[in-house]
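*Asks:* Our numbering puts the sequence shown at residues 1009 to 1102.
By construction, the Cβ of each residue, glycine as well, lies at the ideal position given by its N, Cα and C atoms.
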Amino acid sequence: DLEPCKDKVSHEIGFLIQVVGKTREIANAVCSLARSASLHWPYTGRKANAGNIAFPFSPAEFPAGEVYSFSVYHLMKVNDPVEVFPLELMHFKA
1009 DLEPCKDKVS HEIGFLIQVV GKTREIANAV CSLARSASLH WPYTGRKANA
1059 GNIAFPFSPA EFPAGEVYSF SVYHLMKVND PVEVFPLELM HFKA
């Protein structure tokens, strides 16, 4: 009953920004810039320039600790590229 735009399928957007940086200071700076830019971004129909955003967390920005990146980089010669990824199909009767 409180929905102001009953004739539109969608008129709002939700987004969550996660920043990973080489240092906490870099990540904090990027996150702060993204928050500030989204808070004051101009858009059609804007009614106030103080921002129209609801924050899902309080404080809006917080360090979540270290994150890790894992990658595999091993070169291996093979005759058939799928031979190192065996596939087994199993059929079950209900």
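1) For the candidate residues V1092, A1072 and M1098, whose alpha-carbon lies nearest to that of R1032?
2) Does the beta-carbon distance from C1039 to E1069 come in below 8 angstroms?
3) Since I1061 and S1046 should fall inside the 8 angstroms C-beta cutoff, what is the C-beta to C-beta distance between them, to a whole number of angstroms?
*Replies:* Quick answer:
1) A1072
2) yes
3) Yes, they are in contact, since the Cβ atoms of I1061 and S1046 sit about 7 angstroms apart, within 8 angstroms.
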